[in-house]
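If you read the sequence shown in our numbering, its first letter stands for residue -13, the second for the next number, and so on.
Cβ coordinates follow ideal geometry from the N, Cα and C atoms, glycine included.
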Amino acid sequence: MRWICVPEDLTLPQLLALEEVPPALGDMLQEQVHVLVIAGQVEESLALSEQIFATAWADHHRYIAALALLHKADALFRLQCWEAALEDAQRALRWIEVHLTKIARYNEAITHYFLGLLHTILHADTQATRAFIHAQARLDESERHWGYQDHSDRVRQCQNVIRWMKDLRVLQMETPPGDFSITLACYEMINRALVRTSATHFSPFEVSIPGEVLAPHLPPRFIPLDLAALPFLPLHPHAHYLALKIPADGYLLPESRVDDLLVMETATPTSPGADLVLGTDQPFIRRTDGRVIFRPHQRGSDSFEGIPRWLIREEAQEL
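So this is what it looks like as structure tokens:
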């Protein structure tokens, strides 16, 4: 299995266009369902999505029901119920494909992208490639449509999804079927902006430690009898992570060197956007508990807070 940490701005609730949904249901999907997800109440989000789906289905609004089903699939994705999410997304796609509007074509592209994510996770690489190709073709069309409409946010979303899919397809070829890997979005500091530039992946491993070496670090009543296998990288499945490319020696951490990758757990509800512009005065601060806060230049914008977890260095450099 490939575990992919999808940036929040590339998730279904952030990408789907709900302009053709009645305001009452649209508000429930865009605000209530998404607020529950951001708050970490994913199971409650799942239940509410199912209620909206049932209401739309009873009123014979198949297209609206499909969008609700996609929000349900997003919740299942976050709960790591990959097969169930895949089944719901495939079901939703059939109803979206027969809705003949430009907005529906965009939502069709986003659904194919989501299916590509799921197939990649499940190592169904042929299906993943096919889904990403369909998604890119539709996104190219949608980008032109949103451009004619002067909808710059949607244009940027199309471009971001296309770039992310290309990154995933490259990593897909680097991780053999059957291997477990962790894929993270990689961010860099460019012109004082925290910008997502690529994706990177790691393969977890275990280290065996003799009991006598481990014993001094355990409570007295715990006595290791044999070699203890400790996992690396021990990432929590329900947390969100990203990789930050270190721009200079000593950046954020005394141990860091230029081009190191710092794996960070996001401590704020969402990961940084693709173009979080940082202020010129103290673009980040380190708190006493070790957390790092990146402060945006624009007043009123949300800051991004992360917890440094791992520092990964190129093999050519000495540790």
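Practice prompt. Mark Ile298 as exposed unless 16 or more other C-beta atoms lie within 10 angstroms of its C-beta, in which case mark it buried.
Written response: Against the sequence shown, residue 298 aligns to sequence position 312. That one is exposed.
Discussion item. Rounding to the nearest angstrom, what Cα-Cα distance links Leu125 and Val147 in this structure?
Written reply: Here the question's residue 125 lines up with position 139 in the sequence shown. Here the question's residue 147 lines up with position 161 in the sequence shown. Linking Leu125 to Val147 through their CA atoms gives a straight-line distance of about 8 angstroms.
Worksheet entry | Thr(-3) burial status per 10 Å Cβ neighbour count (16 or more: buried) | Counting from 1 along the sequence shown, the entry for residue -3 is found at position 11. It is buried - the Cβ of Thr(-3) has at least 16 other Cβ atoms within 10 Å.
Worksheet item: Looking at Thr252 and His226, is the spacing between their C-beta atoms short of 7 angstroms?
Response: The sequence position of residue 226 within the sequence shown is 240, counting from 1. The sequence position of residue 252 within the sequence shown is 266, counting from 1. It is a contact, given that the beta carbons lie within the stated cut-off.
Item to complete: With a cut-off of 8 angstroms on the beta carbons, I'd call Val249 and Leu157 a contact; round off their distance for me.
Response: Within the sequence shown, numbered from 1, the residue matching residue 249 stands at position 263. Within the sequence shown, numbered from 1, the residue matching residue 157 stands at position 171. Going by Cβ atoms, the distance from Val249 to Leu157 rounds to 16 angstroms, so no, they are not a contact pair.
Worksheet item: Can you give the Cα-Cα distance for Gly26 and Ala71, rounded to whole angstroms?
Response: Looking up residue 26 in the sequence shown gives position 40. Looking up residue 71 in the sequence shown gives position 85. Straight-line Cα distance between these residues: approximately 18 angstroms.
Item to complete: Less than 8 angstroms between the CB atoms is what I'm expecting for Phe218 and Val193, so what's the real figure, rounded?
Response: Walking along the sequence shown from the start, residue 218 turns up at place 232. Walking along the sequence shown from the start, residue 193 turns up at place 207. Going by Cβ atoms, the distance from Phe218 to Val193 rounds to 6 angstroms, so yes, they are a contact pair.
Worksheet item: Near His131, which residues of its chain fall below 6 angstroms by C-beta distance, leaving aside the five closest residues on each side in sequence?
Response: On the sequence shown, residue 131 is found 145 positions in, with the first residue counted as 1. Taken in chain order, the residues that qualify are Lys88.
Item to complete: Could you check the C-alpha separation between Glu129 and Glu(-6) for me, to the nearest Å?
Response: Here the question's residue 129 lines up with position 143 in the sequence shown. Here the question's residue -6 lines up with position 8 in the sequence shown. Going by the C-alpha atoms only, they are around 20 angstroms apart.
Worksheet entry | Secondary structure, alpha helix (DSSP H): runs of 4+ residues fully inside the region 127 to 214 | 138 to 160 and 197 to 200
Worksheet item: According to DSSP, is Arg295 helix, strand or coil?
Response: The residue given as residue 295 occupies position 309 in the sequence shown. Of the three classes helix, strand and coil, the one that applies to Arg295 here is strand, per DSSP.
Practice prompt. Quick one: residues in its chain with C-beta nearer than 6 angstroms to the C-beta of Asp235, no 5 flanking neighbours on either side, listed in chain order?
Written response: Position 249 of the sequence shown holds residue 235. Excluding residues within five positions, the ones whose Cβ falls inside 6 angstroms are Arg243 and Val244.
Practice prompt. Tell me Lys88's beta-bridge partners as DSSP assigns them.
Written response: Residue numbering aside, residue 88 sits at position 102 when the sequence shown is read from its first letter. Per DSSP, none; premise fails for Lys88.
Worksheet item: Thr252 bridges to which residues according to DSSP?
Response: Your numbering for residue 252 matches position 266 in the sequence shown. In the DSSP output, where bridge partners are listed per residue, Thr252 has Gly292.
Discussion item. Buried or exposed, going by whether 16 or more other CB atoms sit within 10 Å of the CB of Asp139?
Written reply: Locating residue 139 in the sequence shown gives position 153, counting from the first residue. Exposed, by the Cβ-count rule.
Discussion item. One question on the structure: do His105 and Ala95 come within less than 7 angstroms of each other, judged by their Cβ atoms?
Written reply: Position 119 of the sequence shown holds residue 105. Position 109 of the sequence shown holds residue 95. No; because the gap between Cβ atoms is not below 7 angstroms, this pair is not in contact.
Worksheet item: Where Gln303 and Leu247 are concerned, what is the direct C-alpha to C-alpha distance, given to the nearest angstrom?
Response: To locate residue 303, count along the sequence shown from 1; it is residue 317. To locate residue 247, count along the sequence shown from 1; it is residue 261. Note that Gln303 has pLDDT 49, beneath the 50 cutoff, so the model's placement of it is unreliable and the number below is only indicative. Cα to Cα, Gln303 sits roughly 13 angstroms from Leu247.
Item to complete: Spatial neighbours of Leu305 within its chain, please: CB distance less than 7 angstroms, with the 5 preceding and 5 following residues excluded, ordered by chain position.
Response: As a position in the sequence shown, residue 305 is number 319, starting the count at 1. Model confidence at Leu305 stands at a pLDDT of 40, short of 50, so the residue's coordinates are unreliable and nothing is read from them.
Worksheet item: Which partner residues does Trp(-11) have in the DSSP bridge list?
Response: For the purposes of this step, residue -11 is identified with residue 3 of the sequence shown, where counting begins at 1. Beta-bridge pairing links Trp(-11) to Ile168.
Fill in: Ala229 vs Thr186 beta-carbon contact at 7 angstroms
As a position in the sequence shown, residue 229 is number 243, starting the count at 1. As a position in the sequence shown, residue 186 is number 200, starting the count at 1. In this structure, Thr186 lies closer than 7 angstroms to Ala229 by Cβ.
Discussion item. Taking the alpha-carbon of Pro196 as reference, which of Val23, Ile(-10), Ala215 and Pro205 has the nearest alpha-carbon?
Written reply: Numbered from its first residue, the sequence shown carries residue 196 at position 210. By alpha-carbon distance to Pro196, the top candidate from Val23, Ile(-10), Ala215 and Pro205 is Ala215.
Worksheet entry | Where Ile229 sits in the DSSP three-state scheme | The sequence position of residue 229 within the sequence shown is 243, counting from 1. Reading off the sequence shown, one finds Ala at residue 229, where the question assumed Ile. It is a strand residue.
Discussion item. According to DSSP, is Val244 part of a helix, a strand, or is it coil?
Written reply: In the sequence shown, counting from the first residue as 1, residue 244 sits at position 258. In the structure shown, Val244 sits in coil (DSSP, three-state: anything other than H, G, I, E or B).
Worksheet item: Residue range of the beta strand (DSSP E) that Val278 falls in?
Response: For the purposes of this step, residue 278 is identified with residue 292 of the sequence shown, where counting begins at 1. Looking at the DSSP string, the run of the beta strand (DSSP E) that includes Val278 is Val278 to Phe280.
Discussion item. At the level of alpha carbons, what is the spacing between Val23 and Leu15?
Written reply: Mapped onto the sequence shown, residue 23 falls at position 37. Mapped onto the sequence shown, residue 15 falls at position 29. Roughly 11 angstroms between the two C-alpha positions.
Worksheet item: Using DSSP with H/G/I as helix, E/B as strand and the rest coil, what is Leu(-4)?
Response: Against the sequence shown, residue -4 aligns to sequence position 10. The answer is helix: DSSP assigns Leu(-4) an H, G or I state.
Worksheet entry | Run of the alpha helix (DSSP H) containing Glu83, from where it starts to where it stops | Locating residue 83 in the sequence shown gives position 97, counting from the first residue. Where Glu83 is concerned, the enclosing alpha helix (DSSP H) stretches over Trp68 to Glu83.
Discussion item. Taking a contact to mean a Cβ-Cβ separation below 7 angstroms, would you say Glu160 touches Lys231 in this structure?
Written reply: Indexing the sequence shown from 1 puts residue 160 at position 174. Indexing the sequence shown from 1 puts residue 231 at position 245. No, these two residues do not count as a Cβ contact at 7 angstroms.
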